[in-house]
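Residue numbering for the sequence shown follows the working numbering, starting at 118 and increasing by one per position. The beta-carbon is built from N, C-alpha and C at its ideal position, and this holds for glycine as well. Since the model is a prediction, treat every value here as computed from it, not as a measurement. Here the structure comes first, spelled out in structure tokens, and everything after it is commentary.
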Amino acid sequence: MEKIEHIGIAVKNISEANKTYEALLGSAPYKSEKVESEGVETSFFRCGESKIELLEATDPDSPIAKFIEKRGEGIHHIAFAVTDIWAEMERLKNEGFTLLSEKPKKGADNKLVAFVHPKSANGVLVELCQEIENK
Ligand code: ZN
């Protein structure tokens, strides 16, 4: 793991939350993106070398909708930057962590992503993310 790449925050209303985080961080989101496969709308803020990702469910069955239903708004995951996501997934599997998928998938912000089950990490959903090389 290289560094904390971003912290994901589940919100009910992303346009309202964008205003709140713009006021909090003193800068506007640099990117907004819908991730159809995850049923979410996201926006990203920079804060130094880390980022904040806001996530609103666009589908009532999405993991974000279920998270908010159960626990309310708040910190949803911590994402770590990795250079070789396959190797890191293998390493964590060998360490006994439960991964949510066998393979990485395309996430928001031009990343390959994979998740570690919160039960494996003291209640924290951990995301691994690797920048996709632009051709
Ligand atoms: Zn994320």
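* Asked: What do you get for T159, buried or exposed, if any count of 16 or more other CB atoms within 10 angstroms of its CB means buried?
  -> As a first step, residue 159 is located in the sequence shown; it is residue number 42 there, counting from the start. T159 should be labelled buried.
* To do: Please list, in chain order, all residues of the same chain as S237 whose beta carbon is under 6 Å from its beta carbon, the five residues on each side excluded.
  => The residue labelled residue 237 in the question sits at position 120 within the sequence shown. For S237, same chain residues with a beta-carbon under 6 Å away, outside a window of 5 residues either side, are F214, T215 in chain order.
* Can you name the residues that DSSP bridges to A231? -> Here residue 231 refers to the residue found at position 114 of the sequence shown. DSSP output for A231 lists L245 as bridge partner(s).
* **T175 versus K223, I124, E150, A140, residue with shortest Cα-Cα distance** => The residue given as residue 175 occupies position 58 in the sequence shown. By alpha-carbon distance to T175, the top candidate from K223, I124, E150, A140 is E150.
* **Spatial distance of A140 from F162 (CA atoms)** => Position 23 of the sequence shown holds residue 140. Position 45 of the sequence shown holds residue 162. C-alpha separation (whole angstroms): 11 Å.
* Asked: Along the chain, where does the alpha helix (DSSP H) that runs through F162 open and close?
  -> Along the sequence shown, one-based indexing puts residue 162 at 45. No alpha helix (DSSP H) contains F162, which is instead part of the beta strand (DSSP E) from 157-164.
* **Three-state class that DSSP yields for K210 in the structure shown** => Locating residue 210 in the sequence shown gives position 93, counting from the first residue. The three-state reading of DSSP puts K210 in helix, counting H, G and I together.
* To do: If I'm right that L245 touches V230 with Cβ under 8 Å, what's the distance once you round it to whole angstroms?
  => By one-based count along the sequence shown, residue 245 stands at place 128. By one-based count along the sequence shown, residue 230 stands at place 113. The C-beta distance from L245 to V230 rounds to 7 Å, short enough to meet the 8 Å contact threshold.
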